[in-house]
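Novice: Protein sequence lines, in the order shown, are assigned to chains A and B.
The first sequence begins at 1 in my numbering and counts up one residue at a time.
The second sequence begins at 1 in my numbering and counts up one residue at a time.
Number of protein chains: 2
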Amino acid sequence: MQVARTIDAVRRCVAAARGAGKCVGLVPTMGALHVGHVSLIDAAVAHCDFVVVSIFVNPTQFGPNEDLAKYPRPFEKDVALCEESGADVVFAPSPEEMYGGGGVTWVTVEKLTAPLCGRSRPTHFRGVTTVCTKLFNIVGPDVAFFGQKDAQQAIVIKRMVADLNMPLEIVVCPTVREADGLAVSSRNRYLSERERRDATALYRSLETCREMIEGGAKDAGEIRAAMVAVLEEVPALAIEYVSLVDAETLEEAEQVAGHVLVAVAARLGPARLIDNIRIQAPALH
Amino acid sequence: MQVARTIDAVRRCVAAARGAGKCVGLVPTMGALHVGHVSLIDAAVAHCDFVVVSIFVNPTQFGPNEDLAKYPRPFEKDVALCEESGADVVFAPSPEEMYGGGGVTWVTVEKLTAPLCGRSRPTHFRGVTTVCTKLFNIVGPDVAFFGQKDAQQAIVIKRMVADLNMPLEIVVCPTVREADGLAVSSRNRYLSERERRDATALYRSLETCREMIEGGAKDAGEIRAAMVAVLEEVPALAIEYVSLVDAETLEEAEQVAGHVLVAVAARLGPARLIDNIRIQAPALH
Chain A
1 MQVARTIDAV
11 RRCVAAARGA
21 GKCVGLVPTM
31 GALHVGHVSL
41 IDAAVAHCDF
51 VVVSIFVNPT
61 QFGPNEDLAK
71 YPRPFEKDVA
81 LCEESGADVV
91 FAPSPEEMYG
101 GGGVTWVTVE
111 KLTAPLCGRS
121 RPTHFRGVTT
131 VCTKLFNIVG
141 PDVAFFGQKD
151 AQQAIVIKRM
161 VADLNMPLEI
171 VVCPTVREAD
181 GLAVSSRNRY
191 LSERERRDAT
201 ALYRSLETCR
211 EMIEGGAKDA
221 GEIRAAMVAV
231 LEEVPALAIE
241 YVSLVDAETL
251 EEAEQVAGHV
261 LVAVAARLGP
271 ARLIDNIRIQ
281 APALH
Chain B
1 MQVARTIDAV
11 RRCVAAARGA
21 GKCVGLVPTM
31 GALHVGHVSL
41 IDAAVAHCDF
51 VVVSIFVNPT
61 QFGPNEDLAK
71 YPRPFEKDVA
81 LCEESGADVV
91 FAPSPEEMYG
101 GGGVTWVTVE
111 KLTAPLCGRS
121 RPTHFRGVTT
131 VCTKLFNIVG
141 PDVAFFGQKD
151 AQQAIVIKRM
161 VADLNMPLEI
171 VVCPTVREAD
181 GLAVSSRNRY
191 LSERERRDAT
201 ALYRSLETCR
211 EMIEGGAKDA
221 GEIRAAMVAV
231 LEEVPALAIE
241 YVSLVDAETL
251 EEAEQVAGHV
261 LVAVAARLGP
271 ARLIDNIRIQ
281 APALH
């Protein structure tokens, strides 16, 4: 496995693979890799002949008061994990390599970036869509792999790819969870032992929702209230949103029907945690 | 020469050419082709093995009160001209083919799009950058060709390509002029015989500027005043801007030095006309 620090270097690696007729997969990450990322690399290795993992803590997707400086960067451990998982190249550029010219160009997706995480992170998604556009243009993958854990991000990226006719396929892989249901996240390492236990409330609220819908509940307000009650059992949790939205348009529905995204976000001590599930609810009659 | 009406069709043509190891050139146009466009196709044929000319009157780069509906669309004549000029494919999609899904994604270039034409056409350049991104992603050219006539557009596109690491080269070709200096433009056909004669004032104002700088003039205000005087000799011309700016940053300079873009825009009857020249002025001491 090679580690490419520059755009030219990774392009040379990919050009060689493409010259050999290989299908190229990209797993874009910010490093601090965990079993969730490994599941994305596994999917890429299964789908593609040549797998690039990018490791780049992208400054443009962090807000001014967010955790850019303290975001974990265990680079050597990350590289070892990529190699063990069967990646062919790690692309790990510096911020200067990615934004050295002082970029003035943004890729923005309207509407889909306004609700959910967009409300508290107004510049986050344009940072994500811009850096993903750059990574797609640098690597030129046939397929890129994202996690369902960041549900809104996956929906926004898929929409950007479709709207701009980007010549690649987006594959969204299932959320990986701990034994107690907590969605695996690089930010879980910010949590104390007590907070780590409290954090399971997010998943429990989602399971409450699933059970209610499976039991025939349709009123989004009623389901939402039950979810909030589960979260409020943990006083340390500061709820940011609890939303039931159309899984494609991200519009809130009063009645639950069709493909629904149920998403929660909350602050817990030093961490901001998000989680979600997708549910196929019966159509309304 | 083939005419491709769909994204899939043009992609098939280009894939076949690329499979044969050909270098692919793209000339993006809105049709109503004239000798200026032909010079771009000539450059593409000279540089590349396989040339795609796109003909698409892009609605997103027209403002609400601009000439989208009446913009000329002499399609059969355009196709014949492309064939005569040695193009391999004309890509002529419908608005539905390009924006059928109701796009919510924009590519925007900040700063460079604010001055000059950006002042009177605030949504124009995001339409241009978004459709060019789409065309680049659809066709996947090695080189794309633009005219110096639309100087700000060329600078904005080059910056977008650099900022987003788009894997292609931008070539900017010289402005083609009529015998009396008028820059060739699809919008010249909006002019009456009288207006056509009046329109030469734009070029004369640029020549005045060139002569002054060659004669040692350095004060931008003084040069600008002389240019305005030339334009004001034609009462029918409504000046929109007369600007001397840095040719890379588009910032106005008080003293003329280095690489300067001199650009003018004016309304004349039903037409909005623009023209420019680039001048390498001596450095300031």
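Virtual Cβ for every residue (Gly too), placed ideally from N, Cα, C.
In this text the structure is predicted, and so the values were computed from the model without any measurement.
Answer yes or no: does any C-beta atom of chain A fall closer than 7 Å to that of residue 36 of chain B?
Specialist: Residue mapping note: residue 36 of chain B aligns to position 36 of the second sequence, counting from 1. Closer than 7 Å: no.
Novice: According to DSSP, what are the bridge partners of residue 173 of chain A?
Specialist: For the purposes of this step, residue 173 of chain A is identified with residue 173 of the first sequence, where counting begins at 1. Partner(s): A:147.
Novice: Beta carbons nearer than 8 Å to chain A: which residues of the region 158-182 of chain B have them?
Specialist: Hits within the stretch, in order: 159, 160, 162, 163, 164, 165, 166, 167.
Novice: Alpha carbon to alpha carbon, how far is residue 182 of chain B from residue 203 of chain B? Give it in angstroms, no decimals.
Specialist: Translated into the one-based positions of the second sequence, residue 203 of chain B becomes position 203. Translated into the one-based positions of the second sequence, residue 182 of chain B becomes position 182. Whole-angstrom Cα-Cα distance: 6 Å.
Novice: What does the Cβ neighbour count give for residue 273 of chain A, buried or exposed, with the cut at 16 atoms within 10 Å?
Specialist: The residue given as residue 273 of chain A occupies position 273 in the first sequence. Its Cβ being crowded by 16 or more others within 10 Å, residue 273 of chain A is buried.
Novice: Reducing DSSP to helix, strand and coil, say where residue 76 of chain B ends up.
Specialist: As a position in the second sequence, residue 76 of chain B is number 76, starting the count at 1. Residue 76 of chain B: helix per DSSP, three-state reduction.
Novice: Could you pull the start and end residues of the beta strand (DSSP E) that residue 276 of chain B belongs to?
Specialist: On the second sequence, residue 276 of chain B is found 276 positions in, with the first residue counted as 1. Residues 271-281.
Novice: Are there 16 or more other CB atoms within 10 angstroms of the CB of residue 124 of chain A, so buried, or fewer, so exposed?
Specialist: Reading the first sequence from its first residue, position 124 is the one you call residue 124 of chain A. Its Cβ being crowded by 16 or more others within 10 Å, residue 124 of chain A is buried.
Novice: Taking the beta strand (DSSP E) that residue 287 of chain B belongs to, which residues open and close that run?
Specialist: Only positions 1 to 285 of chain B appear in this structure, which leaves residue 287 of chain B out of reach.
Novice: Buried or exposed: where does residue 156 of chain A fall if 16 or more other Cβ atoms within 10 Å of its Cβ makes it buried?
Specialist: Residue mapping note: residue 156 of chain A aligns to position 156 of the first sequence, counting from 1. Buried.
Novice: Could you check what DSSP says for residue 286 of chain A in three-state terms: helix, strand or coil?
Specialist: This structure cannot speak to residue 286 of chain A, because chain A is shown only from 1 to 285.
Novice: If you draw a straight line from the C-alpha of residue 175 of chain B to the C-alpha of residue 80 of chain B, how long is it?
Specialist: Here residue 175 of chain B refers to the residue found at position 175 of the second sequence. Here residue 80 of chain B refers to the residue found at position 80 of the second sequence. Approximately 22 Å, taken between the alpha carbons.
Novice: Helix or strand or just coil, what does DSSP make of residue 257 of chain A?
Specialist: Counting from one through the first sequence, the residue named residue 257 of chain A turns up at place 257. Here residue 257 of chain A sits in coil by DSSP.
Novice: According to the Cβ coordinates, are residue 244 of chain B and residue 237 of chain B closer than 7 Å?
Specialist: Your numbering for residue 244 of chain B matches position 244 in the second sequence. Your numbering for residue 237 of chain B matches position 237 in the second sequence. It is not a contact, given that the beta carbons lie outside the stated cut-off.
Novice: Measure the CB-CB distance between residue 137 of chain A and residue 160 of chain B and report whether it falls below 7 Å.
Specialist: Looking up residue 137 of chain A in the first sequence gives position 137. Looking up residue 160 of chain B in the second sequence gives position 160. Contact flag unset, no.
Novice: For the region 95-126 of chain A, which residues have a CB atom closer than 7 Å to at least one CB atom of chain B, in sequence order?
Specialist: Of all residues in the region 95-126 of chain A, 101, 103, 104, 105, 106, 107, 108, 109, 110, 111, 112 have a Cβ within less than 7 Å of some Cβ in chain B.
Novice: Closest to residue 33 of chain A by CA distance: which of A:15, A:61, A:83, A:12 is it?
Specialist: For the purposes of this step, residue 33 of chain A is identified with residue 33 of the first sequence, where counting begins at 1. Among A:15, A:61, A:83, A:12, the Cα nearest to that of residue 33 of chain A belongs to A:83.
Novice: Starting from the Cα of residue 3 of chain B, find the closest Cα among B:29, B:55, B:69, B:200 and give me that residue.
Specialist: Here residue 3 of chain B corresponds to residue number 3 of the second sequence, with the count starting at 1. Considering only alpha carbons, the answer is B:55.
Novice: Near residue 28 of chain A, what residues of its chain come up, given a Cβ to Cβ distance below 7 Å and the 5 sequence neighbours on each side ignored?
Specialist: Reading the first sequence from its first residue, position 28 is the one you call residue 28 of chain A. Result list for residue 28 of chain A: 54, 132, 135, 144, in chain order.
Novice: Tell me which residue opens and which closes the alpha helix (DSSP H) that residue 110 of chain A is part of.
Specialist: Taking the first residue of the first sequence as 1, we reach residue 110 of chain A at position 110. No alpha helix (DSSP H) holds residue 110 of chain A; DSSP gives it neither H nor E.
Novice: Between the Cα of residue 280 of chain A and those of A:44, A:52, A:209, A:269, spot the shortest distance and give me the residue it belongs to.
Specialist: As a position in the first sequence, residue 280 of chain A is number 280, starting the count at 1. It is A:209 whose Cα lies nearest to the Cα of residue 280 of chain A.
Novice: Quick one, are the C-beta atoms of residue 36 of chain A and residue 172 of chain A less than 7 Å apart?
Specialist: The sequence position of residue 36 of chain A within the first sequence is 36, counting from 1. The sequence position of residue 172 of chain A within the first sequence is 172, counting from 1. No, Cβ-Cβ distance for residue 36 of chain A and residue 172 of chain A is not below 7 Å.
Novice: To the nearest angstrom, report how far apart residue 112 of chain A and residue 277 of chain A are at their CA atoms.
Specialist: As a first step, residue 112 of chain A must be located in the first sequence, where it is residue number 112. As a first step, residue 277 of chain A must be located in the first sequence, where it is residue number 277. Answer to the nearest angstrom: the Cα atoms are 17 Å apart.
Novice: Helix, strand or coil: how does DSSP classify residue 163 of chain A here?
Specialist: If you number the first sequence from 1, residue 163 of chain A lands on position 163. Residue 163 of chain A falls in the helix class under three-state DSSP.
Novice: Where residue 18 of chain A and residue 42 of chain B are concerned, what is the direct C-alpha to C-alpha distance, given to the nearest angstrom?
Specialist: Numbered from its first residue, the first sequence carries residue 18 of chain A at position 18. Numbered from its first residue, the second sequence carries residue 42 of chain B at position 42. Answer to the nearest angstrom: the Cα atoms are 31 Å apart.
Novice: Who are residue 90 of chain A's beta bridge partners in DSSP?
Specialist: Position 90 of the first sequence, counted from the start, is the residue given in the question as residue 90 of chain A. Beta-bridge pairing links residue 90 of chain A to A:3, A:53.
Novice: Run the CB neighbour count on residue 65 of chain A, radius 10 Å, all protein chains shown included, and call it buried at 16 or more, exposed below.
Specialist: Position 65 of the first sequence, counted from the first residue, corresponds to residue 65 of chain A. Label assigned to residue 65 of chain A: exposed.
Novice: Output yes if chain B places a C-beta closer than 7 Å to the C-beta of residue 55 of chain A; else output no.
Specialist: Your numbering for residue 55 of chain A matches position 55 in the first sequence. No - not a single Cβ of chain B is within 7 Å of the one on residue 55 of chain A.
Novice: In its own chain, which residues sit with a C-beta less than 8 Å from the C-beta of residue 45 of chain B, not counting the 5 before and 5 after it?
Specialist: Position 45 of the second sequence holds residue 45 of chain B. The answer, listed in chain order, is 25, 51, 85, 86, 87.
Novice: What's the call for residue 219 of chain A, buried or exposed, on a 16-neighbour Cβ count within 10 Å?
Specialist: Looking up residue 219 of chain A in the first sequence gives position 219. Classification for residue 219 of chain A: exposed.
Novice: Give me whichever residues DSSP pairs with residue 252 of chain A in a beta bridge.
Specialist: Looking up residue 252 of chain A in the first sequence gives position 252. Paired residues: A:245.
Novice: Is there a C-beta anywhere in chain A that falls below 7 Å from the one on residue 134 of chain B?
Specialist: Residue 134 of chain B sits at position 134 when you count from the first residue of the second sequence. Judged by the 7 Å Cβ criterion, residue 134 of chain B is in contact with chain A.
Novice: Is the region 215-229 of chain B in contact with the region 97-105 of chain B, if contact means three or more CB pairs nearer than 8 Å?
Specialist: No, the region 215-229 of chain B does not touch the region 97-105 of chain B.
Novice: Which residue's Cα is closest to the Cα of residue 234 of chain A: A:259, A:258, A:196?
Specialist: Working through the first sequence from its first residue, we reach residue 234 of chain A at position 234. Nearest C-alpha to residue 234 of chain A: A:196.
Novice: Out of A:93, A:22, A:153, which one is the CA nearest neighbour of residue 141 of chain A?
Specialist: Position 141 of the first sequence, counted from the first residue, corresponds to residue 141 of chain A. That would be A:22, whose Cα lies nearest to the Cα of residue 141 of chain A.
Novice: Please say whether residue 69 of chain B and residue 187 of chain B have beta carbons closer to each other than 7 Å?
Specialist: Within the second sequence, numbered from 1, the residue matching residue 187 of chain B stands at position 187. Within the second sequence, numbered from 1, the residue matching residue 69 of chain B stands at position 69. Contact: no.
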